[in-house]
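So the sequences go chain by chain: Z and U.
Everything in the first sequence is counted per our numbering, starting at 35 for the first residue and increasing by one.
Everything in the second sequence is counted per our numbering, starting at 35 for the first residue and increasing by one.
By construction, the Cβ of each residue, glycine as well, lies at the ideal position given by its N, Cα and C atoms.
Here the structure is a predicted model, which is why all the values come from computation and not from measurement.
These notes concern the structure reproduced below.
2 protein chains.
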Amino acid sequence: MPSAPEPAPVSAKPPVTLREVAAAAGVSVATASKALNGQGRMTAETRERIRETARLLGFRPNSLAQSLLRKRSFTVGLLTNDTYGRFSLPLMAGVSDALVDKGVSVFLCNVEDDQRLGQLHVEAMLDKRVDGIIATGKRIDRHLPVDLSNLRIPVVYAFTQPDPGAIGLVSDDAGGARLAVEHFLRLGRRRIAHVSGPASFAVVHARAQAWRDVLKENGLAESEPLLGAWSEAWGHEAVEKLFGKADREGWPDAVFCGNDQIARGVIDALRERGISVPDDVGVIGFDNWEIVAEATRPPLTSVDMNLSTLGREAGLALLSLVDGQPAAPGIRKLPCRLVVRQSCGGPPE
Amino acid sequence: MPSAPEPAPVSAKPPVTLREVAAAAGVSVATASKALNGQGRMTAETRERIRETARLLGFRPNSLAQSLLRKRSFTVGLLTNDTYGRFSLPLMAGVSDALVDKGVSVFLCNVEDDQRLGQLHVEAMLDKRVDGIIATGKRIDRHLPVDLSNLRIPVVYAFTQPDPGAIGLVSDDAGGARLAVEHFLRLGRRRIAHVSGPASFAVVHARAQAWRDVLKENGLAESEPLLGAWSEAWGHEAVEKLFGKADREGWPDAVFCGNDQIARGVIDALRERGISVPDDVGVIGFDNWEIVAEATRPPLTSVDMNLSTLGREAGLALLSLVDGQPAAPGIRKLPCRLVVRQSCGGPPE
DNA sequence: GTGGGTTGGGAAAAGGTTTTCTCAGTGCTC
DNA sequence: GAGCACTGAGAAAACCTTTTCCCAACCCAC
């Protein structure tokens, strides 16, 4: 007894070809192709019959053959040097998310900091005829160890230093810093210190400058940021510098930190000194690395760079480039957002 | 004045085809193909001339056309549901590392926990004729939300629950736990507690059982593990349970933790109680998540699951499957290693 | 000088799909 | 009933490479 017609299981040994569909439906491959793609002219009946046959046989067009002909592989490369990166991961997720619905798959290529590896990956992708490349990395102010400037396919840079004349998407670090400092001000804090990472990072300066700007705009005393490392240990050390002096009046009532690890160190060190967060001092971090931000006591308010949105935007930008839409080169900054937890307390009474 | 012959820049608009190389060298495409692939018979002079022409023109064979013919795309898919995962990242790095030298590129597919997304990605990869699939995830005891059991291409499972009859690679959690407990014993510790994650995780039981086994083998008193959450907060709580009793003689002199976050909580809580690590109590974590393990005070000794090796092995296993080498199905466990830092102290005098 | 072996290289098919061009038939108008 | 427009569908080229098969030419021995 024949069962109800339904698609054949994928397990059939060699994939079903269009030729087989055409034969089964009693038409030519040309007609079959047109029926399935909604092209050409034929009776609705014929088109439907072919479609039904294809469905029954579990036909799926061979992407390789399509790509060869259309000169479009529905494939892009994602180049990164951030192996274990908590930055590039959400970014990749965003890219993949933006593209999967359009049938575009993503080659992930980790080039470390190795020129040879970069070359290898780029050539492999070019050979496989990727439609475009997204370059990303662990630092916004460093180039990948690859030259992407003279490729014949479009390239979009996300969260990494773009080549001149290329399209780059980065987070708006200054804007993010403003968010943090202005949040402190709204809560009535007035003596806002800034503890950040090494001076060799561009983002350190961008954030510090914004911090200073907001203080100045509000007529508050400016001071120097404390620059050190991206570590908890540096957070501890900075607390010693800030709160070491006997004169309590000179103590800050808020600390804006360059990343969440520093903030964690700051919070821990403050607790060890018996200084209450958020009652005595408010703390804000940067990166919104949830696993850290949620483990601090109290949980940490932090600036989120919206990296997955950034990834989405990069994916979409690349796609429209691939489709031939011209796009203005230059760097586009995407806004950050503040994720409020409990390390700043509420507004003043 | 003509410059010295060198490969044309990649920037040339449409890629150079074999036909163009053949024309330039004055031979047929067949001969050109054979010359470049070391096939067929021809004078050494002819072969060299063709090769030189190809080099000059910057010819690179179109992978799409090759794949279509050879039915081998030099492409594999990596399926994961671990979006922000610190587990799957090193694993991916290992996979990619094992494959890039063989010219194989990796499609990264994040399926979240979404059946539809999984289906979408698998179909896209099948359409693109990937040679095989590696499935990985965030939990060793859970399936991905995709059915990979009847595909016509090989599948290898790494750090996720394999289908019956498939090939799976996982970490040897019991072995890793032994490493930790035996390290404590070598250092003269005798009262070794175990604080781990939720009972719903298979690895929790595997590690706890190994911990108990080693204690028994050494004639030490067994006790119940403390099961809770994978969090620092639970580490704090567990310290309260273990060290809350007045009787100091009942206190453990070592705590083996189910992951590094718990260990961090334990270390912090011990310090807050004035109990010294490692002098009074040794602590070992699991996962060797460097960013955590190196930030604890003192830095944390931890069990590393060698995930990037695991990824490498998975990549190689898949490749030999693709090459038609039969492989015995079943689960293969890869050894862990202990990374010694300063949270256990030295051996007894 | 004929038969057989070797050498260097080309013609053509194959892989699966899309697209352009062509063509036979049908129904309509004048 | 001739011309015409349109309809439905197929043939074949194209994408680029690999591989099998074939052929012409040459050399050698008998």
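- Where Z/L203 is concerned, the enclosing beta strand (DSSP E) starts and stops at I201 to S205.
- Looking at the DSSP output, U/S336 sits in a beta bridge with U/G319 and U/V373.
- What U/P124 touches in chain Z, judged by beta-carbon distance under 9 Å, is T117 and Y118, going in chain order.
- Residue pairing of U/T117 in beta bridges, as defined by DSSP: absent, with no partner found.
- Under the three-state reduction of DSSP, U/G379 is assigned to coil, being neither helix nor strand.
- Note that the C-beta distance between U/G222 and U/G269 is not below 9 Å.
- Restricting attention to U/E251, U/E274 and U/L154, the CA atom closest to the CA of Z/V138 is found in U/L154.
- Taking all protein chains in view, the Cβ of Z/N144 is crowded by 16 or more other Cβ atoms within 10 Å, so the residue is classified as buried.
- For chain Z, the residues of the segment 93 to 107 of chain U that bring a beta carbon within less than 8 Å of one of its beta carbons are R94, P95, N96, S97, L98, A99, S101, L102 and S107, in chain order.
- According to DSSP, residue pairing for U/I226 in a beta bridge involves U/A288.
- In terms of CA proximity to Z/G231, Z/Q295 leads the group Z/L355, Z/R85 and Z/Q295.
- With 16 or more neighbouring CB atoms inside 10 Å of its own CB, Z/E271 falls in the buried class.
- Note that the C-beta distance between U/I309 and U/T330 is not below 9 Å.
- Going by C-alpha positions, U/Q73 is about 25 Å away from Z/M159.
- Per DSSP, U/R305 lies in no beta strand (DSSP E); the unbroken alpha helix (DSSP H) holding it starts and ends at D294 to E306.
- Buried is the label assigned to U/R120, since at least 16 other Cβ atoms lie within 10 Å of its Cβ.
- Each of Z/N115, Z/I174 and Z/I168 was checked against the Cα of Z/R150, and the nearest Cα belongs to Z/N115.
- Under DSSP, Z/G278 forms no beta bridge with any residue.
- Secondary structure in the segment 50 to 90 of chain U: the alpha helix (DSSP H) runs of 4 residues or longer, each lying completely within the stretch, are 52 to 59 and 63 to 71 in chain order.
- One Cα belongs to Z/R225, the other to Z/A267, and the distance between them is close to 23 Å.
- DSSP places U/V140 in the strand class (E or B) of the three-state scheme.
- For Z/M159, the C-beta contacts it makes with chain U under 8 Å involve S139, in order along the chain.
- For Z/L368, the pairing in a beta bridge is given by DSSP as Z/S205.
- Using a CB distance below 7 Å, the part of the segment 171 to 198 of chain Z facing chain U consists of N184, L185 and R186, ordered along the chain.
- Taking a beta-carbon distance threshold of 9 Å, U/V134 counts as an interface residue toward chain Z.
- Under the three-state reduction of DSSP, Z/A192 is assigned to strand.
- At least 9 Å separates the beta-carbon of Z/V289 from that of Z/A244.
- Within the same chain, Cβ atoms closer than 7 Å to the Cβ of Z/N252 are found at L219, the five residues on either side in sequence being excluded.
- Selection Z/V156, Z/H177 and Z/A362 evaluated against Z/I167 yields Z/V156 as nearest (Cα-Cα).
- Residues of chain Z with a Cβ closer than 9 Å to the Cβ of U/S377 do not exist; the shortest Cβ-Cβ separation is about 16 Å.
- Judged by DSSP in its simplified three-state form, Z/L123 adopts helix.
- Judged by DSSP in its simplified three-state form, Z/V110 adopts strand.
- Look at the beta carbons and you see the segment 202 to 217 of chain Z touching the segment 182 to 193 of chain Z: at least three pairs across the two are nearer than 8 Å.
- DSSP lists U/S230 as the beta-bridge partner residues of U/L261.
- Within chain Z, no C-beta atom comes nearer than 7 Å to that of U/K367; the closest sits roughly 24 Å away.
- With a contact defined as Cβ atoms closer than 8 Å, Z/V237 and Z/D207 qualify at about 5 Å.
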